[in-house]
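Input: a single structure, listed below in structure tokens.
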Amino acid sequence: MLASIVSYGLAVGAVYALIGITYNVMFAASRVFSFTAGMLGMLGGVLGAYFIDKLGMPTIVGFGAVLACGAAMGVITEFVAVRPVLKSIEQHLYVLSTLAFALLIAQFTAIQWGTDASPFPRLIPIGEGLLDQKFWIPMLSCAATVLGLEFLYRRTLIGRAFLAIAEDAYAARALGLPEVRLRLASFALAGVIGSLAGFAGGEMLLAFFGNQAILNFYGFVPVALGGMGNNRGALIAGLLLGLFQQAANFLVGGIFASVAVFVVFIIVLLLRPEGFAGASGARRV
Amino acid sequence: MKLGWLEGRITFLLLAVAAVCLPLFDDSYAGVIATRACIYWILISGLNLVVGYAGQIAIGWVALLTLGAYTTAVLTAGTATPALQPYVALLASAAVGAVSGVIVGLPALRLRTFYFAMTTLGFATIVTQIALAWKDVTGGGIGTPGPVFPFPFAPGWGFYYFCLILAVLCTWMTANIAASRFGRSLIAIRDAEVAAEASGVSKPALLMTVFVLSGALAGVAGGLFSSLQSYITPDAFNFDLSVLFFIAILIGGRGSILGPLLGTILLTVLPEIAAPLVAWSTFLYAALLLLIVLLIPGGIADMLDYKNRRPLQQHREIVPRPELLPALLDGTRRGALELTDVALAFGGVRAIDGLSLDFHSGEVHGLIGPNGSGKTTTLNVISGYYHPQAGTAQLNGATLPFGAPHRRASFRIARTFQTPRLVGGASVLENVMLGGTIDGQGTFAESLLTLPRHRSDERMLRERALQALTIVGLETLAQVRADRLQHSELRFMEIARALTLRPAFLMLDEPAAGLSTEEIRRLGTLIKAISHAGTGVLLVEHHADLIFDICDRVTVLNLGKILAAGTPAEIRSHREVVSAYLGA
Amino acid sequence: MPISAPDPLLQVKNLRAGYGKIIVLDGIDLTITPGEVVALLGPNGAGKSTLLKAVSGLLPRTGTVTFAGKNISTASPRAIVEGGLVHVVEGHRVFTQLTVFDNVLLAGYGMKSDLLHRQAEEALAFFPEIAAKRADKAGSLSGGQQQMLAVAQGLVRKPRLLMLDEPSAGLSPVLVDRVLAAAAQLRDAGTAVLLVEQLIEKALKLADRVYALARGSIVLEAKTSEPDLHNRLERAYFGTDK
Numbered sequence: 000m001l002a003s004i005v006s007y008g009l010a011v012g013a014v015y016a017l018i019g020i021t022y023n024v025m026f027a028a029s030r031v032f033s034f035t036a037g038m039l040g041m042l043g044g045v046l047g048a049y050f051i052d053k054l055g056m057p058t059i060v061g062f063g064a065v066l067a068c069g070a071a072m073g074v075i076t077e078f079v080a081v082r083p084v085l086k087s088i089e090q091h092l093y094v095l096s097t098l099a100f101a102l103l104i105a106q107f108t109a110i111q112w113g114t115d116a117s118p119f120p121r122l123i124p125i126g127e128g129l130l131d132q133k134f135w136i137p138m139l140s141c142a143a144t145v146l147g148l149e150f151l152y153r154r155t156l157i158g159r160a161f162l163a164i165a166e167d168a169y170a171a172r173a174l175g176l177p178e179v180r181l182r183l184a185s186f187a188l189a190g191v192i193g194s195l196a197g198f199a200g201g202e203m204l205l206a207f208f209g210n211q212a213i214l215n216f217y218g219f220v221p222v223a224l225g226g227m228g229n230n231r232g233a234l235i236a237g238l239l240l241g242l243f244q245q246a247a248n249f250l251v252g253g254i255f256a257s258v259a260v261f262v263v264f265i266i267v268l269l270l271r272p273e274g275f276a277g278a279s280g281a282r283r284v
Numbered sequence: 000m001k002l003g004w005l006e007g008r009i010t011f012l013l014l015a016v017a018a019v020c021l022p023l024f025d026d027s028y029a030g031v032i033a034t035r036a037c038i039y040w041i042l043i044s045g046l047n048l049v050v051g052y053a054g055q056i057a058i059g060w061v062a063l064l065t066l067g068a069y070t071t072a073v074l075t076a077g078t079a080t081p082a083l084q085p086y087v088a089l090l091a092s093a094a095v096g097a098v099s100g101v102i103v104g105l106p107a108l109r110l111r112t113f114y115f116a117m118t119t120l121g122f123a124t125i126v127t128q129i130a131l132a133w134k135d136v137t138g139g140g141i142g143t144p145g146p147v148f149p150f151p152f153a154p155g156w157g158f159y160y161f162c163l164i165l166a167v168l169c170t171w172m173t174a175n176i177a178a179s180r181f182g183r184s185l186i187a188i189r190d191a192e193v194a195a196e197a198s199g200v201s202k203p204a205l206l207m208t209v210f211v212l213s214g215a216l217a218g219v220a221g222g223l224f225s226s227l228q229s230y231i232t233p234d235a236f237n238f239d240l241s242v243l244f245f246i247a248i249l250i251g252g253r254g255s256i257l258g259p260l261l262g263t264i265l266l267t268v269l270p271e272i273a274a275p276l277v278a279w280s281t282f283l284y285a286a287l288l289l290l291i292v293l294l295i296p297g298g299i300a301d302m303l304d305y306k307n308r309r310p311l312q313q314h315r316e317i318v319p320r321p322e323l324l325p326a327l328l329d330g331t332r333r334g335a336l337e338l339t340d341v342a343l344a345f346g347g348v349r350a351i352d353g354l355s356l357d358f359h360s361g362e363v364h365g366l367i368g369p370n371g372s373g374k375t376t377t378l379n380v381i382s383g384y385y386h387p388q389a390g391t392a393q394l395n396g397a398t399l400p401f402g403a404p405h406r407r408a409s410f411r412i413a414r415t416f417q418t419p420r421l422v423g424g425a426s427v428l429e430n431v432m433l434g435g436t437i438d439g440q441g442t443f444a445e446s447l448l449t450l451p452r453h454r455s456d457e458r459m460l461r462e463r464a465l466q467a468l469t470i471v472g473l474e475t476l477a478q479v480r481a482d483r484l485q486h487s488e489l490r491f492m493e494i495a496r497a498l499t500l501r502p503a504f505l506m507l508d509e510p511a512a513g514l515s516t517e518e519i520r521r522l523g524t525l526i527k528a529i530s531h532a533g534t535g536v537l538l539v540e541h542h543a544d545l546i547f548d549i550c551d552r553v554t555v556l557n558l559g560k561i562l563a564a565g566t567p568a569e570i571r572s573h574r575e576v577v578s579a580y581l582g583a
Numbered sequence: 000m001p002i003s004a005p006d007p008l009l010q011v012k013n014l015r016a017g018y019g020k021i022i023v024l025d026g027i028d029l030t031i032t033p034g035e036v037v038a039l040l041g042p043n044g045a046g047k048s049t050l051l052k053a054v055s056g057l058l059p060r061t062g063t064v065t066f067a068g069k070n071i072s073t074a075s076p077r078a079i080v081e082g083g084l085v086h087v088v089e090g091h092r093v094f095t096q097l098t099v100f101d102n103v104l105l106a107g108y109g110m111k112s113d114l115l116h117r118q119a120e121e122a123l124a125f126f127p128e129i130a131a132k133r134a135d136k137a138g139s140l141s142g143g144q145q146q147m148l149a150v151a152q153g154l155v156r157k158p159r160l161l162m163l164d165e166p167s168a169g170l171s172p173v174l175v176d177r178v179l180a181a182a183a184q185l186r187d188a189g190t191a192v193l194l195v196e197q198l199i200e201k202a203l204k205l206a207d208r209v210y211a212l213a214r215g216s217i218v219l220e221a222k223t224s225e226p227d228l229h230n231r232l233e234r235a236y237f238g239t240d241k
């Protein structure tokens, strides 16, 4: 039982962490919390099943197509739901515009591909039991993403430009950094990561339009606990969340596991609104 | 209210007449839809105070509807308790809703907008999951029958009238709140939280009251909903409903009662007319929400707000009438506000370093110094935003505790801000009335029911605000929406708001910034007159000529310390000051 | 007094700018010729920083701004920076999470890699004390060192005009001299400098010409060699005697 809690928990946790990172990547470039993170994850699953099962694309082609769609969706999000409300960011209209956009896409998906969860194809039939692909693919994807982002942020100039914009957009603009293009790029990147999360976790979560809301919430918990914009925090909190949820699932039953997650989430937020790893933002004098 | 007194009343009246006459058509399907609209409105009218007025993005409000529905249904059915009368069960729903409203709302006091939105969403998710899981009580996925209300509100038109009466009552009560000092405070929390605080509004207390009211109404709506549905399952409470509630408010316009009411009717009736599109309904709701947010953030109320689209007169002039000040301010106050050895550091940076400063009734005390010398920080210490690490503050000899900015108004300490903090969606008069909030005597409940004390409060505040507006020279703009004013007018409006408190001490943070030379001269005369009427003025300003013109005493700060203090003449010739400014 | 100069590098005509409804500057005219150092002085709140931001495109503005013969009135900050007009904003806003060298590199974002690295090295060479800390996080530098880093960022692109906003704020006198010496070196290398400075004496020593800004307008323009400059400045600052 313990082994199955661990492998299932880490796999689900990896998906949550990836969605959390999707939130972070969008937030870093725009200071916008976007409700579209869960939607991207949902699309990863639905489109993956559609491309590979229905259209019969080879796995690798289907995978590429899903990521490309995710990137496109990220860019569209920026244009439709983020850019128009950035001017008055203090009014928090982005909460509504991104929520509306996410719902719009989720509902369209439901109308197009049905409201029932459909199975997700088996991608790489390696491993069995607790080492099944449905467990190691999400973990591998998460590890690859985190390492990739570390490389991007630490080794490339464009990655450092992202960090610069995240820290001080005004100073970045004054230096002549192409803020708008970088923001678009990071929304595309978020689209890739979000759809990867859904694709990698597809076998566990199935291709289901309702995953939008579920991933939105469970993907946000690692962000809230790990601190906004903190990818390592999101990774650790995401994995812990997955483990905690699975343990609670086994011990007290699924429904109360959700309640337990919610209660922990609220209590942590009320005690430490900036999360465990988040700094309370040094003041610029 | 935004739509103007008359226009609004006529629409309400027409709606009421239509609603009362509906049974004449004898169309029971129309009756069900109208009943549903009434039930939705009972919830939305309360949520409107949370979302439209207080600006809290509570998107998971369907959770409270669910709780209310199950409470009434379960208590009436008697599966978990002895069976209750439906009417009693409905009251229990209201209580459950009120308590849950507080639980859902509590995080709003501490969390940022998006986080709060997420917690309400999470709450909605788990309530549905519990309803599914707690099979013994809720029937799980199979569901449970809703209650049947006995005579006089038996199913059919009787039940319709029951819901209609409650809906009318909700409209009336929330409109009362909207038009009271509580409604103005809520909008102020939404648009200019700092100004609300400085006017003595306690955000936690007010928000909690509103969450209780809104939760109770949602609970009642839930109870009625369970009866209308006659059988409830967790499926009936999906997230689409939350979106619908939310859109009804946004479509209607934030800070309006009539707008969201029209929005509710529209959103309830539309899907029935467009029956073939029923699969697309949530999609269309979402599209509508996106369009509203992007294109008409003001909603229906804004589109109907003809009054505020009339062009304002160009080249307006602000002509203050300081001679009227004694009628507003009580010139007999005598006292002093003193800071002693105050020190405040942010991280390692010493913003104020052992500052002692006093200012007295009847004098204008100028505070000048280079950027970052601690002027605004000093104001923020006095008005309670910062808690210094050392030092004391005294008001008329008694200790003035640091912190608690919303308590400053009760000490008759008023202030203005470097950037005017306006409540953009409210009229100039309402903005100014906010300043006198703490002098209202009536409670929230009295305002809800427009009891006599509420009415006398409103009269008094209106009168006083008009007086203050006349003094600063803006009385002709009283009914104009504040965000249409020019910058200089906003500066004077803030002064009027501060005067409405009848302050003993008034702190002005760069009131002359952005004003023309002539306006600065008038401002100077006004400030001088305010001090002559007995109020002590602390003036932070960059315009050296204004400072030297009107101040009785001037303190010069540099790097958080006093560089010099004395009369304007002494300061003007003070070598170090001149060099601090010229940087020798 | 008319300045006899061939082609102005920067020409500002009838500039108007502010924040939202607040108009801070109105009717500003200003010119800078290639290679000269101009000090922009004025009391707090006069609009000096606003003027720099309006010129570098960080604030919306109306009026005409011409730089090196090109109209940049509606250009984006990025286009203006790439055109050779660099603005070092006040408050040494470096990126504290990044290393010193990364900060410098970012200032030349979009340049060819080898050129960027060469010019970044050259910019760092102006300030040996921060060059020694190139691998440290910028957040670990002292305020003065961060200011040097900000100025170094301004040098990476070898601008034709460098606008420095209060480079001395919060620095010890020694460091002020070091920063201003860098500005002097630049001038000698042919770069024009527009300097906003609180320390008037030091600014005047360095500058060829001075503008004084008060209450949103230019109230004085003079060569630093003109007599009686101090008293004229004082009068311009505190308003005319009544």
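As they're listed, the protein sequences go chains A, B and C. The first sequence begins at 0 in numbering that gives the first Met the number 0 and counts up by one. The second sequence begins at 0 in numbering that gives the first Met the number 0 and counts up by one. The third sequence begins at 0 in numbering that gives the first Met the number 0 and counts up by one. Here a beta-carbon is modelled for each residue, glycine too, at the ideal position from N, C-alpha and C. Since the structure is predicted, the reported quantities are computational estimates derived from the model, not experimental observations.
Remark: C-beta atoms of M492 (chain B) and V422 (chain B) do not approach each other more closely than 8 Å. One alpha carbon belongs to P146 (chain B), the other to G155 (chain B), and they sit about 14 Å apart. For the stretch 132 to 165 of chain A, the set of residues with a beta-carbon nearer than 8 Å to any beta-carbon of chain C comprises L156, R159, A160, L162, A163, in chain order.
Under the three-state reduction of DSSP output, G365 (chain B) falls in the strand class.
A:P120 is the residue among A:P120, A:R153, A:A101 whose C-alpha sits nearest the C-alpha of L46 (chain A). By the rule that beta-carbons nearer than 8 Å mark a contact, P226 (chain C) does not touch chain B. In the structure shown, K136 (chain C) falls within a strand segment according to DSSP collapsed to helix, strand and coil.
Interface with chain C (8 Å Cβ-Cβ cutoff): G513 (chain B) is included. For P177 (chain A), the nearest beta carbon of chain C is closer than 8 Å to its own beta carbon. Scanning the stretch 249 to 327 of chain B from its first residue to its last, the whole alpha helix (DSSP H) runs of 4-plus residues come out as 257 to 272, 280 to 294, 298 to 302, 324 to 327.
Annotation: L366 (chain B) to V93 (chain C) spans about 32 Å, alpha carbon to alpha carbon. DSSP, read as helix, strand or coil, puts R480 (chain B) in strand. When the five nearest sequence neighbours on each side are left out, the beta carbons in the same chain lying within less than 7 Å of the beta carbon of S92 (chain B) are those of G67, T70, T71, G218, V219, G221, G222, in order along the chain.
Inter-residue distance for V94 (chain A) and G37 (chain A) is about 14 Å (C-alpha atoms, whole angstroms). Within chain B, no residue has its beta carbon less than 8 Å from that of P221 (chain A); the closest one is some 12 Å off. The criterion of a C-beta distance shorter than 8 Å is satisfied by T144 (chain A) and L17 (chain A). Per DSSP, E89 (chain C) lies in no beta strand (DSSP E) and is assigned neither H nor E. Chain-ordered, the chain A residues with CB closer than 8 Å to the CB of I129 (chain B) read I254, V258. Taking a beta-carbon distance threshold of 8 Å, S167 (chain C) does not count as an interface residue toward chain A. Among the residues of chain B, those whose CB is under 8 Å from the CB of Q106 (chain A) are W279, T281, F282, A285, following chain order. Counting along the chain, no beta strand (DSSP E) covers R571 (chain B); the unbroken alpha helix (DSSP H) around it starts and ends at 567 to 571. Straight across, the Cα-Cα distance linking L83 (chain B) with I38 (chain B) is about 22 Å. The shortest C-alpha to C-alpha distance from S280 (chain B) to any of B:F238, B:I256, B:A197 is the one to B:F238. When CB distances to chain B are screened at a threshold of 9 Å, the residues of the stretch 15 to 29 of chain C falling below it are G17, Y18, G19, K20, I21, I22, V23, in chain order. Comparing C-alpha distances from P42 (chain C) to each of B:E429, B:E540, B:L63 shows the shortest one belongs to B:E540. Using a 10 angstroms sphere on the CB of L311 (chain B), the tally of other CB atoms stays under 16, which defines it as exposed. Of the other Cβ atoms in all chains shown, 16 or more fall within 10 Å of the Cβ of A105 (chain A); this residue is therefore buried.
At least one C-beta of chain C is nearer than 8 Å to the C-beta of D167 (chain A).
Between L242 (chain A) and F236 (chain B), the alpha-carbon positions lie close to 30 Å from each other.
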